[in-house]
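Undergrad:
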Amino acid sequence: VTPGTPWQELQVGSLALTFTLEGARLAVLLILRLINALLALHLLMETTPFTEVMLAFRRLYVPSLVVLLLEFTIRYASVFTQELKRMSLARQARGFRVGRSLLDRATFFTLSQLVGALLLRSLQRSERIYYAMLARGFNGVSPAWPEGYPAPRLNKEDLVWGAFILAWALILRLLELEV
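Residue numbers (our numbering): 1 to 179.
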């Protein structure tokens, strides 16, 4: 809720929503900040190998359990997605029609069974992966980063993108402060 000059009014039943120019301006700034953060994250993930990002988290003293969970989540997301695709294909082979409303009782029942089965399969698969990791010497700590690994070099394109993102963040901050 942002006080200011009324811009638009929307009546939803007995509820009246009033949009202000100041609120719209702040909403646009919020969206632009989100885009800027996503650009920065994209730049980081495209220019830095995943293992180096995880090493940076460790060097920033992020708890090792959090880093380990993040590593496993990202590495095994594709396994989870493949399992979901296999189950969806099997469901369609049994005659499930896509496109019905979620409010349809049969659709809701079928999708709830799919989610439950997916969670059970994921649990079973995670246990198998964990035991396989233990058999290969996993001790609860992510493997150490190889010593003497060369540091990545920045190129001109990385510097330009980084400067663009920082300049855009500064512009957004100045707009927010109304300078």
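Ideal placement from N, C-alpha and C gives every residue a C-beta, glycine not left out.
What's the C-alpha gap between V62 and L70?
TA: Going from the Cα of V62 to the Cα of L70 covers about 11 Å.
Undergrad: Cα separation between T107 and T81?
TA: Whole-angstrom Cα-Cα distance: 21 Å.
Undergrad: Can you give me the Cβ contacts of R91 inside the same chain, cut-off strictly under 8 Å, excluding the 5 residues immediately before and after it?
TA: Cβ neighbours of R91 beyond the five flanking positions: T110 and L114.
Undergrad: DSSP three-state call for L15: helix, strand or coil?
TA: Residue state, collapsed to three classes: strand.
Undergrad: According to the Cβ coordinates, are I5 and G23 closer than 7 Å?
TA: Reading off the sequence shown, one finds Thr at residue 5, where the question assumed Ile. In this structure, G23 does not lie closer than 7 Å to T5 by Cβ.
Undergrad: Quick one: give me the first and last residue of the alpha helix (DSSP H) that G4 is part of.
TA: No alpha helix (DSSP H) holds G4; DSSP gives it neither H nor E.
Undergrad: Check whether the stretch 48–64 and the stretch 168–176 are in contact - that is, three or more C-beta pairs closer than 8 Å.
TA: Output reads no: the stretch 168–176 does not touch the stretch 48–64.
Undergrad: Can you grab the Cα-Cα spacing for the pair S78 / Y130, in whole Å?
TA: C-alpha separation (whole angstroms): 17 Å.
Undergrad: Compute the beta-carbon to beta-carbon distance between L21 and L10, rounded to the nearest angstrom, for a pair I have assumed lies under 8 Å.
TA: Their Cβ separation, rounded to whole angstroms, is 15 Å, which puts L21 and L10 out of contact at 8 Å.
Undergrad: If you drop the 5 nearest sequence neighbours on each side, which residues of the same chain put their C-beta closer than 8 Å to that of V141?
TA: Closer than 8 Å at the Cβ level, and outside the excluded window around V141, lie S64 and L68.
Undergrad: Shortest alpha-carbon distance to D116 belongs to which of F96, R105, M87 and T73?
TA: In the sequence on display, residue 116 carries Gly and not Asp. It is M87.
Undergrad: Sorted by chain position, which residues of the same chain lie with C-beta nearer than 7 Å to L84's C-beta, five sequence neighbours on each side aside?
TA: Within the same chain, L84 has close Cβ partners L118.
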